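Enquirer:
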Amino acid sequence: MADMPRKNHEPDVSVIIGAYDAMPYLVRCLESVEAQTIGADRMEIVAIDDGSTDGTGACLEEFAARTAIPMRVVRQPNSGGPSGPRNRGLDLARGRYVFFLDADDYFGEEALERMVAMGDRAGTDVVLGKIVGVNRGAAKSMWGETVERADLYSSNIKFTLSAQKLFRRDLLVRLGMAFDEKLKTGEDALFTMEAYLRGNGISVVADYTCYYLVGREDRNQMTKKGGFQRRFDSARALMGLIAEYVPQGPRRDALMVRPFVITLLPQFGPGLVKQKAKVRERKMALAAPLMKAYWTPGLGRNLKVNERLRLMCLAAGRLDLLLEIAAFLRDKKEPEIVRRGNPPRPHLAYPHFGESSVLPDSAYEVTVTEWVGGRRIEAPQHKARPSFARRVVRKARRTVLSALRTPRAHRV
210 MADMPRKNHE
220 PDVSVIIGAY
230 DAMPYLVRCL
240 ESVEAQTIGA
250 DRMEIVAIDD
260 GSTDGTGACL
270 EEFAARTAIP
280 MRVVRQPNSG
290 GPSGPRNRGL
300 DLARGRYVFF
310 LDADDYFGEE
320 ALERMVAMGD
330 RAGTDVVLGK
340 IVGVNRGAAK
350 SMWGETVERA
360 DLYSSNIKFT
370 LSAQKLFRRD
380 LLVRLGMAFD
390 EKLKTGEDAL
400 FTMEAYLRGN
410 GISVVADYTC
420 YYLVGREDRN
430 QMTKKGGFQR
440 RFDSARALMG
450 LIAEYVPQGP
460 RRDALMVRPF
470 VITLLPQFGP
480 GLVKQKAKVR
490 ERKMALAAPL
500 MKAYWTPGLG
510 RNLKVNERLR
520 LMCLAAGRLD
530 LLLEIAAFLR
540 DKKEPEIVRR
550 GNPPRPHLAY
560 PHFGESSVLP
570 DSAYEVTVTE
580 WVGGRRIEAP
590 QHKARPSFAR
600 RVVRKARRTV
610 LSALRTPRAH
620 RV
């Protein structure tokens, strides 16, 4: 373990870097920390070399020896995943906030200054800084505007659950939060969702690119590794966490979209058609208890038609129907748009549409915005029926207004 002399005051932010065979990407990563406009006296670096074999540890120690930023380097045997190094770094951190920076990635120069300022101004426990991909994709839907206090249930921030966020350390310490080292994928989603649910608010910095998510040319990234069993483990853990902290109802349904669509549903996409029968059967068996425990019609109405249909097939244990829909998607067919009901509402004619003995027509109804053949299909806005009390008040108001409009001579 290497230490630089440290000032006694508490830094504003601890940058925690877990690194495993991160060369040469680590060089730019560290340079981006050193270039932060927040200044060396307001931050520290806690770097964990997780048993690297490519010179990562030496690079960290050389950087620590020359940088003005207080820095601690820990070298340990390989732990087999990102959770162990992140937990070790969190144990050693002293900052008011912590940021988990992956050794492959790098910051925008003003990232920490802007995010810390946002957290302090808004009093929030989690701050999201805009992320863009470099040689890889990155989620975009949550970066529409800068928001001091975002709503977890109605916004798209639930779709960014990576660990690359600014967290108030007091929250993590007070709740005893740590990354689940038993999970080999999705551990960051579990950690971040818990902070979202149990913390005092979430902020979004969308007007500046804070974080550059790098796609490695050697593809040696943990997010790309692991079999389908790990995906089900991740989905099960995240669904269980949401159910623990959010009662049944529309808010839970809104959050459950994330594990159902992002983690579970990709296991039942077009590729299912060519998989071996035993793999399909195993996947169905793993999905069955999740569908029984957490699937609801309300959740289904938050989904696109093809997503809802596949999940309804899973809930019913109908692999045969699921394969037909998967083949339809594999062949890139476009469903016909059919309007049914009173008033007419758009439906997408995927396999077995109109055969009520198989799946009801309501399963095919467009309930969120969709694109079909380059055409945007909007879901009709359903007006909620007023409560009984509200209807009574409205009727009484109409009666009074009618009486006032009636000429005096005609009044009884």
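Everything in the sequence shown is counted per my numbering, starting at 210 for the first residue and increasing by one. Virtual Cβ for every residue (Gly too), placed ideally from N, Cα, C. Note that this is a predicted model, so its numbers are computed, not measured.
Which partner residues does Gln-438 have in the DSSP bridge list?
Expert: None; Gln-438 has no bridge partner.
Enquirer: Roughly how far, in whole angstroms, is the beta-carbon of Val-575 from the beta-carbon of Ala-558, given that I think they are within contact range, below 8 Å?
Expert: With 8 Å as the limit, Val-575 and Ala-558 do not qualify as a contact, their Cβ atoms being about 11 Å apart.
Enquirer: Would you decide whether Ala-502 is buried or exposed? Buried here means 16 or more other CB atoms lie within 10 Å of its CB.
Expert: Exposed.
Enquirer: Does Pro-555 pass the burial test, meaning 16 or more other C-beta atoms within 10 Å, or should it be called exposed?
Expert: Classification of Pro-555: buried, given that the 10 Å Cβ count is 16 or more.
Enquirer: Give every residue of the same chain whose Cβ lies closer than 7 Å to the Cβ of Phe-276, excluding the five residues on either side of it in the sequence, and list them in chain order.
Expert: In the sequence on display, residue 276 carries Thr and not Phe. Same-chain partners within the cutoff: Glu-243.
Enquirer: Under the rule that 16 or more other beta-carbon atoms within 10 Å means buried, what is Val-653, buried or exposed?
Expert: Since the displayed the chain opens at 210 and closes at 621, residue 653 lies outside it and no answer follows.
Enquirer: Ser-169: which of Ala-452, Leu-399, Asn-365 and Val-356 sits nearest, CA to CA?
Expert: Because the chain here runs from 210 to 621, residue 169 falls outside it and cannot be looked at.
Enquirer: So is Val-488 buried or exposed if we call it buried at 16+ other beta carbons inside 10 Å?
Expert: Flag for Val-488 reads exposed.
Enquirer: Where Lys-485 and Met-521 are concerned, what is the direct C-alpha to C-alpha distance, given to the nearest angstrom?
Expert: Whole-angstrom Cα-Cα distance: 22 Å.
Enquirer: Kindly confirm or deny that the segment 265-273 and the segment 288-306 touch, where touching means at least three C-beta pairs closer than 8 Å.
Expert: The answer is no - the segment 288-306 does not touch the segment 265-273, with fewer than three Cβ pairs under 8 Å.
Enquirer: Cβ atoms of Ser-364 and Gly-304: under 8 Å apart, would you say?
Expert: No. Outside cutoff.
Enquirer: So, helix, strand or coil for Val-283, using DSSP?
Expert: Val-283: strand per DSSP, three-state reduction.
Enquirer: For the candidate residues Arg-358, Pro-459 and Pro-233, whose alpha-carbon lies nearest to that of Asn-511?
Expert: It is Pro-459 whose Cα lies nearest to the Cα of Asn-511.
Enquirer: Does Pro-555 come out as helix, strand or coil in the three-state DSSP assignment?
Expert: In this structure, Pro-555 counts as strand in the three-state DSSP scheme.
Enquirer: At 3 residues or longer, and completely inside the segment 530-591: list those beta strand (DSSP E) runs for me, N to C.
Expert: Complete beta strand (DSSP E) runs here, min 3: 545-549, 554-558, 579-581 and 584-586.
Enquirer: Could you check what DSSP says for Val-455 in three-state terms: helix, strand or coil?
Expert: If DSSP states are grouped into helix, strand and coil, Val-455 belongs with coil.
Enquirer: Considering only DSSP beta bridges, list what Ser-223 is partnered with.
Expert: Glu-253 and Val-307, per the DSSP bridge assignment.
Enquirer: CA-CA distance, Asn-344 and Gly-563?
Expert: Looking at the two C-alpha atoms, the distance is approximately 44 Å.
Enquirer: Would you please state the rounded distance, in angstroms, between the beta carbons of Leu-374 and Val-335? I believe it to be under 8 Å.
Expert: Sequence inspection shows Lys at residue 374; the Leu mentioned does not correspond to that position. Going by Cβ atoms, the distance from Lys-374 to Val-335 rounds to 6 Å, so yes, they are a contact pair.
Enquirer: Would you kindly check if the distance between the Cβ of Leu-392 and the Cβ of Asp-442 is under 8 Å?
Expert: Yes.
Enquirer: Using three-state DSSP, classify His-619 as helix, strand or coil.
Expert: With a pLDDT of only 46 at His-619, under 50, the local geometry of the prediction cannot be trusted, and the value read off the model is given with reservation. In this structure, His-619 counts as helix in the three-state DSSP scheme.
Enquirer: Could you have a look at Gly-338 and say whether DSSP puts it in helix, strand or coil?
Expert: If DSSP states are grouped into helix, strand and coil, Gly-338 belongs with the strands.
Enquirer: Helix, strand or coil: how does DSSP classify His-218 here?
Expert: It is coil, neither helix nor strand.
Enquirer: Using the beta-carbon count (16 or more within 10 Å), is Gly-248 buried or exposed?
Expert: Per the 10 Å Cβ criterion, exposed.
Enquirer: Apart from the five residues just before and just after Leu-352, which ones in its own chain have a Cβ nearer than 7 Å to its Cβ?
Expert: According to the sequence provided, residue 352 is Trp. The question's Leu does not apply to it. Same-chain partners within the cutoff: Lys-339 and Ala-415.
Enquirer: Taking C-beta to C-beta, are Ser-371 and Thr-394 nearer than 8 Å?
Expert: Their beta carbons are not under 8 Å apart, which means Ser-371 does not touch Thr-394 by this criterion.
Enquirer: For Lys-529 and Ala-347, I'd like the C-alpha separation in whole angstroms.
Expert: One detail in the question is off: residue 529 reads as Asp in this sequence, not Lys. The alpha-carbon atoms of Asp-529 and Ala-347 are separated by roughly 34 Å.
Enquirer: Closest to Asp-259 by C-alpha separation, out of Leu-361, Gly-478 and Val-282, would be which residue?
Expert: Of the listed residues, the one whose Cα sits closest to Asp-259 is Val-282.
Enquirer: Can you have a look at Tyr-229 and say buried or exposed, based on whether 16 or more other CB atoms are within 10 angstroms of its CB?
Expert: Buried, because 16 or more other Cβ atoms sit within 10 Å of the Cβ of Tyr-229.
Enquirer: By Cβ distance, which residues of its chain are closer than 8 Å to Gly-526, with the 5 residues on each side in sequence left out?
Expert: Correct list, in chain order: Met-493 and Ala-497.
Enquirer: Buried or exposed: which applies to Glu-545, given that a residue is buried once 16 or more other Cβ atoms fall within 10 Å of its Cβ?
Expert: Under this definition Glu-545 is an exposed residue.
Enquirer: Per DSSP, what kind of secondary structure is Ala-228 in: helix, strand or coil?
Expert: In the structure shown, Ala-228 sits in a strand (DSSP, three-state: E or B).
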